[in-house]
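Undergrad:
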Amino acid sequence: MSYIYATAYLTIAASAANHSSIRFLIPRRYPTLSLTLRLPRSSRDHVIHIRRRLLSGENLRPLDTRGWAFQERILSRNTVRFSNREIEWECRSQSTCECGTSYRSTSQYTQFTEENVYSWWHLVIVTHFSFLDLTQEMDILPALSGIASSMKNQTGDDYLARIWKKDLIPGLLWCYEPRTSASLFTLSGAELPSSYRAPSWSWASATAQVAYIFYRTQFELHVEVLGAHASHQQQIPRDV
2 MSYIYATAYL TIAASAANHS SIRFLIPRRY PTLSLTLRLP RSSRDHVIHI
52 RRRLLSGENL RPLDTRGWAF QERILSRNTV RFSNREIEWE CRSQSTCECG
102 TSYRSTSQYT QFTEENVYSW WHLVIVTHFS FLDLTQEMDI LPALSGIASS
152 MKNQTGDDYL ARIWKKDLIP GLLWCYEPRT SASLFTLSGA ELPSSYRAPS
202 WSWASATAQV AYIFYRTQFE LHVEVLGAHA SHQQQIPRDV
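Residue numbers 2 to 241, in my numbering, belong to the letters of the sequence shown in order.
1) Which residue marks the beginning of the beta strand (DSSP E) containing F83, and which one marks its end?
2) Let's test the definition: count the other Cβ atoms within 10 Å of the Cβ of Y216 and tell me whether it reaches 16, buried, or not, exposed.
3) Can you pull the DSSP bridge partners for V211?
4) If you check the beta carbons only, do Q210 and T128 fall under 9 Å apart?
5) Please report the distance separating the alpha-carbon of E115 from that of W122.
6) Use the C-beta contact count for G157: other C-beta atoms within 10 angstroms, 16 or more gives buried, fewer gives exposed.
7) Out of T8, I141, T33, L124, which has the shortest C-alpha to C-alpha gap to I214?
8) Taking the alpha helix (DSSP H) that Q155 belongs to, which residues open and close that run?
9) State the DSSP-derived secondary structure class of V226, mapped to helix, strand or coil.
10) Are R29 and N85 close, meaning C-beta to C-beta below 9 Å?
11) Between the alpha carbons of V224 and D168, how many angstroms are there, rounded?
12) Measure from the alpha carbon of L76 to the alpha carbon of each residue in L135, S43, Y10, then state which is nearest.
13) Give me the Cα-Cα distance between N117 and W165, rounded to the nearest whole angstrom.
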C-alpha cells in the first residue's frame, strides 16, 4: 500500500469520517452566512460569505487521530482532505485550506539532507505518531513500514528496533512526554504493551506519546558506537 500512496497523483482523504461506512461529503458543521453589502458609488450589490473562525487545534479530524492513516498522508504527493468544516489541500511543499491559512508541509522529507532527515524523523514522525491511536497495538510496526522504507532508500541506513543505526545515540534519548508539569518523568497514561513488540530501549515499546530530550537542552555527545545489532526471537518474555 505504501507504493500506491507514494506514486499516486492525488489522494482523496475522507478526514471527517469515523469509519469506512460513512460518506466523506457531509454537511458542514459551521455553515457559511451570506450577507449582501452595498457600497457607496457602486451600482451593484456585493455578497460577503462569513463563517465561524476555526481555533487552533479545533480542526483535528477523525482521520488525523489514526496511526494507520499517518504514513498515507506523509507518503502522498498531493492530498485533498474533506472535513466537516472545509476542504484542504496538501502537497509535499505546502498546505492550504479554504479559510486562507497556508503553512509549510511536514511531509517534505524527499528534499532533506542526511543530517536533518533524522531530526524530521524524531520531531515529526515519532513524536507525532506515538500520539495517535491504533486499534491493534502491534500495528505500530507495519504502520510506519512505508515511511521507513522510503528513508532507508534515501539514507542507506539500517533499522534497529525502530531506531536508525546511524542515529543510534540520539535515537535512544527518548522519554515519555509528560502530561503534567510536576516532573519530566511523569508517566501519565504509560503502561507496558500487552504483547512484546520492541525492546524497552526502543520508543516503539512505548504506549504513550514520546519526546526527545536533546531538542530541549543544549549538550554535546561524547559517545562512540563500536557496533550495533538487533535480531528478533519468538516467545520473548515481556520483561526482556
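Heads up, the beta-carbon is just placed ideally off N, CA and C, and yes, glycines get one too.
TA: Reading off the structure:
1) 79-83
2) exposed
3) Y177
4) yes
5) 11 Å
6) exposed
7) L124
8) 146-156
9) coil
10) yes
11) 12 Å
12) Y10
13) 13 Å
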